[in-house]
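Working notes, structure below.
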Amino acid sequence: MVRNKRVGAKASVLAAAAALLLTACGGAGVDAEASAAPSGDAALAECGSYAIAMHAWVGYTASAQVITEVAKANGCDISQVTLAEAGVTYDAMESGSVDLVVEDWGGGRWQEWADRGALVEVGDNGNVGIIGMYVPQWMADKYPDITDSANLNKYAELFVTDESKGKGAWYEGPPGYTTIGEKLVSANNLNFTVLPQGTEAALIDVFTKAAENETPAIGYWWTPQNFLAKVPMARVNFPTNDWTDAAEASGLTDYPELPLIKLATPKAMDANDAFTKIVKNFKWTNDDQNAVAADIESGTDPAVAAQKWIDANADTVAGWLK
Amino acid sequence: MSVRTEPAIKIAPKSIRRSWLLGGLLIIWVAVAQILQGKATLELAVPENSKFTAWAGEVADSIRDNRNDGLAFKYFFNPIREFVDGFVNIIREFIAIPNGSSSIPVLGWLGVISLIGFVVFAVSNVRMAFAAVALTFACGALGLWTDSMDTLAMTFAAVILSLAIGIPVGIWAGLSDRVLKVVTPILDLAQILPTLVYLAPLALFFLIGPASATIATMVYSIPIAVRLTAFGIRGVPTSPVEAGTSMGTTKRQLLRKVQLPMSSRTIIMGINQTVMAALSFVVIAALIGAPGLGKPVIDALIIRNVGDGFVAGIAVVLIAIMLDRSTSAAITKKDTFVPPSEADRKRRKLALITAGIAAIVGIVLSRQMAWAAFFPKQIDIGSQVANASDSAVTWVTENMELLTAGLSKAVTVGVLNPLESILANSPWYLTIAMITLISLILGGIRSAIVSATLLIAVVATGLWYDTMITFTQTIVATMLTMLVGVVLGVWIGRSVRAERALRPILDAGQTLPAFVYLIPMLGFFGPSRFTAIATGILYSIPIVVKIVGQGIREVPVNMVEAATSTGSTKWQLITKVQLPAAKKSLLLATNQGLIFVLAVVVIGGLVGGGGLGYLVLLGSSKPELQGKGLVAGFCILLLGVMIDRIAQYMVARNSAPKH
Chain Z
34 MVRNKRVGAK ASVLAAAAAL LLTACGGAGV DAEASAAPSG DAALAECGSY
84 AIAMHAWVGY TASAQVITEV AKANGCDISQ VTLAEAGVTY DAMESGSVDL
134 VVEDWGGGRW QEWADRGALV EVGDNGNVGI IGMYVPQWMA DKYPDITDSA
184 NLNKYAELFV TDESKGKGAW YEGPPGYTTI GEKLVSANNL NFTVLPQGTE
234 AALIDVFTKA AENETPAIGY WWTPQNFLAK VPMARVNFPT NDWTDAAEAS
284 GLTDYPELPL IKLATPKAMD ANDAFTKIVK NFKWTNDDQN AVAADIESGT
334 DPAVAAQKWI DANADTVAGW LK
Chain L
84 MSVRTEPAIK IAPKSIRRSW LLGGLLIIWV AVAQILQGKA TLELAVPENS
134 KFTAWAGEVA DSIRDNRNDG LAFKYFFNPI REFVDGFVNI IREFIAIPNG
184 SSSIPVLGWL GVISLIGFVV FAVSNVRMAF AAVALTFACG ALGLWTDSMD
234 TLAMTFAAVI LSLAIGIPVG IWAGLSDRVL KVVTPILDLA QILPTLVYLA
284 PLALFFLIGP ASATIATMVY SIPIAVRLTA FGIRGVPTSP VEAGTSMGTT
334 KRQLLRKVQL PMSSRTIIMG INQTVMAALS FVVIAALIGA PGLGKPVIDA
384 LIIRNVGDGF VAGIAVVLIA IMLDRSTSAA ITKKDTFVPP SEADRKRRKL
434 ALITAGIAAI VGIVLSRQMA WAAFFPKQID IGSQVANASD SAVTWVTENM
484 ELLTAGLSKA VTVGVLNPLE SILANSPWYL TIAMITLISL ILGGIRSAIV
534 SATLLIAVVA TGLWYDTMIT FTQTIVATML TMLVGVVLGV WIGRSVRAER
584 ALRPILDAGQ TLPAFVYLIP MLGFFGPSRF TAIATGILYS IPIVVKIVGQ
634 GIREVPVNMV EAATSTGSTK WQLITKVQLP AAKKSLLLAT NQGLIFVLAV
684 VVIGGLVGGG GLGYLVLLGS SKPELQGKGL VAGFCILLLG VMIDRIAQYM
734 VARNSAPKH
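Protein sequence lines, in the order shown, are assigned to chains Z and L.
Taking our numbering, the leading residue of the first sequence gets 34, the next gets one more, and so forth.
Taking our numbering, the leading residue of the second sequence gets 84, the next gets one more, and so forth.
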């Protein structure tokens with residue numbers, strides 16, 4: 034009985050709290066202060082709310098953040114959703130929880146989703162991806178012919194580690210990135226073991242240490258990426274192939290240049306508001322991206338770094354809104 | 084042999100014969116593996132599919148294609164998703180995200196803190212209430228108020244839904260033996276399955292977003308709620324039940340008036356464990372679009388920002404401590420049997436009313452005043468904490484390199500490579516035959532049949548080689564975990580002071596998301612299989628230490644006293660009395676260590692572990708290999724089930740009466 038009474042007392046207090054809470058719901062005084070936020074340009078005031086996919090690398094963050102800031106300034110309600118790239122993100126676009134990918138490296142993997150109407154290709158974003166196998170600059174200086182893949186076997190011994198089963202260690206790109214390491218190794222008869230790497234962070238670790246300690250390393254890397262500005266590396270050249278012929282291209286091939294594209298949901302593209310315009314017209318160069326990415330990496334808040342670029346390139350930004 | 088001096092422990096001749104047999108078997112294995120090195124390893128190149136994985140990929144594709152118009156989706160999966168999404172969002176709007184057209188949630192920060200303080204005070208005591216308030220405030224002070232609230236909201240949503248399913252099922256399983264029999268294997272499976280493994284399949288059915296994340300969390304936490312509830316109901320002594328039955332109470336009355344109240348303590352403990360399980364999911368859930376503290380952890384991993392990830396990890400730990408201690412306090416409060424005096428009750432009532440009024444004031448303020456609605460930006464020590472941990476990691480990386488590199492090399496060359504050459508680089512039939520024989524010796528005929536069947540299933544999937552790579556790392560990681568875990572476990576088992584000193588570290592270690600220490604690990608050891616192993620060790624050590632410590636503490640006092648009086652040294656006491664007497668705990672600790680190591684296999688794939696973990700990651704990002712990723716997850720499950728079964732048969736054998 035005693036217990037019951039106590040519970041009763043508790044319940045009545047809670048009920049009173051709830052009642053007061055409900056009355057408090059009526060007057061949300063905070064909103065009056067908070068709604069002094071910038072209201073958008075009158076012509077584009079109808080902009081909806083969108084989610085931008087945020088991916089694993091700083092360059093992507095730079096592009097996405099610039100679009101975010103420009104869209105916000107034009108009255109759009111933008112949220113950012115961190116996701117793994119490719120499949121997961123395409124699924125998210127199909128489910129409607131993400132509306133835009135600003136930099137897709139997938140090399141057409143999204144086609145299946147596009148066929149189902151889950152997403153639309155919106156064209157190039159102006160950045161061009163160059164993937165390849167890189168060695169630290171000190172190696173290229175010491176062994177000038179190492180950047181020709183034909184000579185790699187000569188140096189294979191240098192790259193042996195405990196992980197690589199007696200052959201040279203070949204640090205492959207992370208999952209989700211376009212990788213053809215196995216093909217490169219077998220087609221060129223290279224005496225290397227392809228070591229799968231789970232994250233970009235692992236590669237950064239390898240290259241940073243290789244540069245600092247002058248240890249040998251060969252691994253997957255790409256531009257645009259401001260990392261190359263901090264840790265200089267040399268790209269190893271493989272026999273190039275004609276990528277227009279798919280059958281040929283599976284041979285001794287090197288990675289092709291990859292124009293990076295934007296993907297968006299039909300919802301975003303059909304809305305015809307400021308966001309649609311920005312997504313359609315957004316285009317900038319590798320240098321632009323690297324500049325913003327360098328700021329972000331050195332500790333500047335991404336929003337601030339993006340705004341700095343926007344202020345300095347007002348004309349370009351105005352062009353996106355036309 | 085000094086066995087004579089400890090009459091309490093007898094070594095059965097059977098177990099001596101067993102260890103000889105095992106040793107001989109191992110020697111034969113090593114020799115034959117050496118001869119047949121590199122033959123019939125069934126290695127499958129990373130970009131290639133086996134027949135089975137290709138088929139799995141097609142199935143996944145057809146599920147995707149059916150998503151919009153398949154009947155199962157229209158009438159089953161989609162309604163579930165919409166319901167869960169809606170439910171999660173109601174809670175989020177209450178404390179975390181802007182509610183409707185407003186720019187703040189229903190409660191601003193002061194409101195949330197007041198409410199937490201009041202609720203904790205109501206269910207436990209005033210000290211706990213202040214602690215809870217301080218811990219919640221600290222999350223804000225780390226600059227992570229909104230993310231913390233999102234995590235809290237997601238956790239609550241998952242816990243409420245888990246309990247709504249788990250407690251009724253648990254009661255049912257508690258009352259009926261048949262239900263318990265049906266439910267137990269399902270629970271086992273759900274708990275062994277590494278969490279990252281079912282994310283991709285769940286996302287196939289429930290899409291990316293809070294719903295998938297919540298459902299994934301529930302898969303993990305419902306079994307705990309069911310188990311502890313059933314356990315509680317079954318633990319009710321028979322006499323009150325019989326008394327009730329003889330007085331002619333109905334089954335329903337019996338449940339409500341006798342069984343439920345008498346098992347309430349265990350049920351609350353179940354709630355506590357469910358909360359902790361749900362919270363441990365925070366970071367993993369962020370991989371499929373869950374909002375909250377997981378996001379900054381993943382972001383930090385991506386741009387190699389050790390500090391920021393660490394800060395977010397600390398916030399997770401703070402919330403874990405807050406929730407754990409408040410729910411535990413509710414349990415101890417249930418334990419006081421002395422009825423409070425009239426004066427005490429009056430005082431308590433008054434205190435509750437005062438606290439209630441204070442809470443209401445806080446809530447109203449948080450809706451009216453900007454300072455009480457948005458967490459003050461001036462209070463932000465996040466960047467200081469981040470910088471401090473950054474420099475600590477840099478210092479270790481730069482100054483301890485000889486030590487870290489040496490350790491990594493010793494384990495890789497001395498243990499990992501030889502073991503891998505036996506398990507993975509020798510013919511598959513040899514490995515299967517040997518594992519089956521070993522489990523026959525250790526666990527008996529049933530465990531041998533289970534091992535052989537599961538291993539042949541792995542061969543059939545086409546991922547044999549990768550499975551053996553993962554198995555090797557799992558074994559090495561577990562061995563090292565046990566090495567460290569037993570030492571620490573014995574220490575805390577023997578010394579109350581050590582227990583008190585280590586306890587908070589162990590608690591933090593159990594709740595700190597594994598993702599937080601990936602980057603430091605990479606810095607220390609570079610991307611390698613050893614780094615993956617080290618991650619597994621860090622993750623599983625706390626549970627092993629706790630179980631071993633508990634086992635040592637439970638060794639009967641008279642055994643210890645007997646040994647001491649016969650003049651055994653401390654070392655003899657530990658090795659000849661306490662450890663052998665805690666054998667069952669050691670086996671359980673090994674089993675749990677293995678399962679915990681397996682749980683982070685996928686995370687190990689992120690730092691160079693290769694094997695199944697890497698394939699799971701690959702499958703979730705490369706659509707043409709999605710089938711391979713799904714099957715890799717399935718193989719992790721097979722490994723887990725095999726290890727778990729062998730261990731259980733072993734325990735059953737060892738605890739059987741000696742003859």
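For glycine and all other residues, C-beta sits at the position ideal for the given N, C-alpha and C.
Note that the structure is a prediction, hence the values are computed from the model and not measured.
Taken in chain order, the members of the segment 372-385 of chain L whose beta-carbon sits within less than 8 Å of a beta-carbon on chain Z are Gly372, Lys378, Ile381, Asp382, Leu384, Ile385. For the segment 107-180 of chain Z, the full-length alpha helix (DSSP H) segments reaching 4 residues or more read 120-128, 144-148, 170-175 along the chain. Between Val269 (chain Z) and Tyr167 (chain Z), the C-beta gap is smaller than 8 Å, which places the two residues in contact.
Taking 4 residues as the minimum length, the alpha helix (DSSP H) runs contained wholly in the segment 254-315 of chain L are 260-275, 278-289, in order along the chain. In the three-state scheme derived from DSSP, where H, G and I count as helix and E and B as strand, Val227 (chain Z) is classed as strand. Out of Z:Phe240, Z:Asn221, Z:Thr248, Z:Gly252, the CA that lies nearest to the CA of Pro229 (chain Z) is found in Z:Gly252. Listed by position along chain Z, the residues whose Cβ is nearer than 7 Å to that of Thr495 (chain L) are Asp195.
In the assembly as shown, Met565 (chain L) is a buried residue. Its beta-carbon has 16 or more other beta-carbons within 10 Å. Interface annotation, Val129 (chain L): in contact with chain Z, CB-CB separation under 8 Å. Close to Gly693 (chain L), with beta-carbon spacing below 8 Å, are these residues of chain Z in chain order: Leu228, Pro229. The beta carbon of Gly723 (chain L) does not come within 8 Å of any beta carbon belonging to chain Z, so the residue lies off that interface. Taking 8 Å as the threshold, the shortest C-beta distance from Tyr600 (chain L) to chain Z does not fall below it.
Put simply, the CB of Leu133 (chain Z) is far from chain L, with every gap to its CB atoms at 8 Å or more.
At a Cβ-Cβ threshold of 8 Å, Ala646 (chain L) and Leu662 (chain L) do not count as neighbours. For Ile180 (chain L), there is no enclosing beta strand (DSSP E), as DSSP marks it with neither H nor E.
Pairing Ala368 (chain L) with Met232 (chain L) gives a Cβ-Cβ distance that is not under 8 Å. Exclusion of the five residues before and after Gly206 (chain Z) leaves Thr212, Tyr253 as the residues of its chain whose Cβ lies within less than 6 Å of its Cβ. Against chain Z, a Cβ distance below 8 Å from Ala369 (chain L) picks out Thr115.
Around Tyr697 (chain L), the beta-carbon contacts reaching into chain Z at under 9 Å are Pro208, Pro229, Gln230, Gly231. In this structure, DSSP gives Met483 (chain L) a state outside helix and strand, which the three-state scheme calls coil.
Contact of Pro284 (chain L) with chain Z is not assigned, every C-beta pair being separated by 8 Å or more. Using a CB distance cut-off of 8 Å, Ser703 (chain L) counts as an interface residue toward chain Z. Using beta-carbon distances, Leu506 (chain L) does not count as an interface residue toward chain Z, since no partner is under 8 Å. Taking all protein chains in view, the Cβ of Lys264 (chain L) is surrounded by fewer than 16 other Cβ atoms within 10 Å, so the residue is classified as exposed. Any Cβ of chain L closer than 8 Å to the Cβ of Val218 (chain Z) would place that residue at the interface, and such an atom is absent. Nearest CB-CB separation between Val239 (chain Z) and chain L: below the 8 Å threshold. The alpha-carbon of Glu79 (chain Z) is positioned some 35 Å away from that of Val365 (chain L). Looking at L:Arg577, L:Val252, L:Lys666, the one whose alpha-carbon comes closest to that of Trp654 (chain L) is L:Arg577. Asp148 (chain L) and Trp138 (chain L) have their C-alpha atoms roughly 15 Å apart.
Here DSSP, grouped into helix, strand and coil, assigns Leu370 (chain L) to coil. For Arg268 (chain Z), the enclosing beta strand (DSSP E) stretches over residues 266-269. Pairing Val699 (chain L) with Val280 (chain L) gives a Cβ-Cβ distance under 8 Å.
With fewer than 16 other beta carbons inside 10 angstroms of its own, Lys157 (chain L) counts as exposed. With fewer than 16 other beta carbons inside 10 angstroms of its own, Pro251 (chain L) counts as exposed. Listed in chain order, the positions of the segment 607-628 of chain L with a beta carbon within less than 8 Å of a beta carbon of chain Z are Gly609, Pro610, Ser611, Arg612. Residue pairing for Met211 (chain L): DSSP places it in no beta bridge.
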